[in-house]
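Step one of this worksheet: look at the structure below.
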Amino acid sequence: MWEFLTTSQVSSLLLSLAVVLVVAQVLGALARRLGQPGVVGELVGGVLLGPSMFGGAHSAFLFPDDIRPLLGSLANVGIALFMFLTGLELEGRLVRGRGRVVASVSIGSLLVPFALGALLALGLYDDGDRLAFTLFLGVAMAATAFPFLARVLADRGLTDTSFGGLSIASAAVCDALAWSVLCVVAIAGGACGGNSSPSFPTRSCCSPSSARSSGD
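Everything in the sequence shown is counted per my numbering, starting at 32 for the first residue and increasing by one.
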């Protein structure tokens, strides 16, 4: 991919990465000084640099459209490596013999937000068949922000504890179930592959990367 980038694009990419790293490090350190996990500050930095703040003009300047796909690819690689290392460091003894507890926590953490999301959907969307939209919003609310959870546990030094192992295992099971159901709902609603449907007013959502912020 790099051989197709112009000098200007490479410069823009390196500048964007430098800005992201500096802002993430500064706000992460500030969050830790305030007694919060560093990832909270990094998340705030993403919001500040994103299009949600100040009209989005600075975001368009820092992250031009021609390099955003590459930035997204690098971000996905980073998340994949972080999750791999998290799993690599997770000791099996922390969850061995606790399958019933993991299943109970996973089901509970899936059903409660699913029910709340479904109730919210009933009040938000009343155009035609609401089933697909209701299922979609319910499952989207139930999907866990797994990388965020893993970072919080890592920052707090809880990854190698019984609580951390149970949390990671339960969140992994919950996410696997939620995203599987979400893809089935998306396919049934005609959203996957770029198709649209009156009963499913949303974009393709079969990949967790398309809806990172939907989890809680």
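Built from N, CA and C at the ideal position, the CB exists for glycine as well.
Span separating the alpha-carbon of residue i from that of residue j
i    : j    : result
L141 : G103 : 28 Å
G224 : G66  : Residue confidence is low: G224 scores 44 on pLDDT, short of 50, so the model does not pin down where it sits. Its coordinate-derived value is still stated next. Roughly 44 Å between the two C-alpha positions.
I218 : L168 : 14 Å
S137 : T117 : 19 Å
V204 : L197 : 11 Å
L162 : Q56  : 43 Å
V133 : V78  : 33 Å
G19  : Q40  : Here the chain has residues from 32 to 247 only, and residue 19 is not among them.
Beta-carbon proximity list for residue i, same chain, < 6 Å, skipping 5 on both sides
i    : result
L45  : none
S135 : none
L180 : A202
Start and end residues, alpha helix (DSSP H) containing residue i
i    : result
I138 : 130-155
M84  : Where M84 is concerned, there is no enclosing alpha helix (DSSP H), given that its DSSP letter is neither H nor E.
L189 : That residue, L189, is in no alpha helix (DSSP H); it is neither H nor E in DSSP.
A49  : 38-64
Beta-carbon contacts of residue i that lie in its chain and below 7 Å, excluding the five residues immediately before and after
i    : result
V170 : F145, A209, V212, L213, V216
Nearest-angstrom Cβ-Cβ length linking residue i and residue j, presumed shorter than 8 Å
i    : j    : result
F94  : S47  : 5 Å
A173 : T165 : In fact, because the Cβ distance is near 13 Å, the residues do not count as touching under 8 Å.
Residues of its chain near residue i, where Cβ-Cβ distance is below 8 Å and the 5 sequence neighbours each way are ignored
i    : result
L184 : T190, G195, S198, I199
A60  : G69, G72
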